[in-house]
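S.K.:
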Amino acid sequence: MFSGAFICLDIYKQGSTKGIGIMPFLGGLIMGVLNLKFGFMLRDDTMIQVNFFGIALSIIYLMVYYTYSKDKFGEVWLKTGTALAVCVGLIAYAEMEDPKLIENRFGSIITAFMFYLIASPLFNLKNIIKNKSTEGMPFPIILSGTVVTFMWLLYGIILKNKFVVLQNVVAFVLCAFQLGLFVVYPSKPKSKAKEKAKAKKAN
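Here it is as structure tokens:
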């Protein structure tokens, strides 16, 4: 949840959003809204409070991204509008669905979307292995994701809610696998590391 602050710090340091996508922030916003709705379905005060806070943080992160983005319409407004449209559509579906079925079906939708977001850094796994570098992978998000999904897994076990448990078992495994890639491969290619070392020696 707080991992976005590290990405915002990187944006601030470089003075732009170059090389940093908006999807981690939009994904956090969508997940926050959907999980908030799910929390109301379950009448779970803890889930409601956590996701209200998560939505507020996501909005702050998006504001920082907007401030430093050069393509404010295409990169921020258009994608944010699409994300909000998805949220509105799913919430409208939840209101119209059979109350006896909605908890399972809405939980399945959240689970599928959550898996997609968490697994998205692995879409580039071929290049990561080829270049032997985890450059471009969001380490702060992956690290915090590993911790947070484990905590939610424990909470799901306490609640005895199969969707919360299923979500976070798979999510934890995905996050832990990605975290393991940072152990095997450096965050920057060896060639770049050597170039920096040579530059320091020259100075």
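The sequence shown stops at residue 203 when you use UniProt numbering, and every number in between is there.
Note that the Cβ used here is the ideal one computed from N, Cα and C, for glycine as well.
1) Classify residue 288 as buried or exposed, calling it buried when 16 or more other Cβ atoms lie within 10 Å of its own Cβ.
2) In three-state DSSP terms, what is residue 204?
3) For glycine 180, which of helix, strand or coil comes out of DSSP?
4) Near arginine 43, what residues of its chain come up, given a Cβ to Cβ distance below 6 Å and the 5 sequence neighbours on each side ignored?
5) For a minimum of 4 consecutive residues, which ranges assigned as the alpha helix (DSSP H) are wholly contained in the region 10 to 74?
6) In whole angstroms, what separates the C-alpha of serine 144 from that of methionine 31?
7) Taking valine 148 as the reference, which of Val170, Phe113, Glu75 and Lys37 has the closest Cα?
8) Roughly how many whole angstroms lie between the Cα atoms of serine 69 and leucine 174?
9) Taking 8 Å as the cut-off, does the region 109 to 128 touch the region 16 to 31 (at least 3 CB pairs, one atom from each stretch)?
10) Leaving out five residues on either side along the sequence, give the residues of the same chain with a beta carbon under 7 Å from the beta carbon of asparagine 168.
11) Which ranges would you report for the alpha helix (DSSP H) in the region 139 to 169 if only whole runs of at least 4 residues count?
12) To the nearest angstrom, how far is the alpha carbon of isoleucine 91 from that of lysine 37?
13) Counting along the chain, where does the alpha helix (DSSP H) carrying phenylalanine 2 start and finish?
14) Hey, out of Met47, Tyr66 and Ile118, whose CA is closest to lysine 18's CA?
15) State the Cα-Cα distance for the pair methionine 23 and isoleucine 118, rounded to the nearest angstrom.
M.R.: This is what the structure holds:
1) Here the chain covers residues 1 to 203 and nothing more, so residue 288 does not appear.
2) The requested residue 204 does not occur in the structure, where the chain is confined to residues 1 to 203.
3) helix
4) Cβ neighbours of arginine 43 beyond the five flanking positions: none.
5) 23 to 42 and 45 to 68
6) 15 Å
7) Measuring from the Cα of valine 148, the nearest candidate turns out to be Val170.
8) 30 Å
9) yes
10) Thr149, Trp152, Leu153 and Gly156
11) 139 to 159
12) So the alpha carbons of these two residues sit roughly 7 Å apart.
13) From DSSP, phenylalanine 2 is part of no alpha helix (DSSP H); its letter is neither H nor E.
14) Tyr66
15) 11 Å
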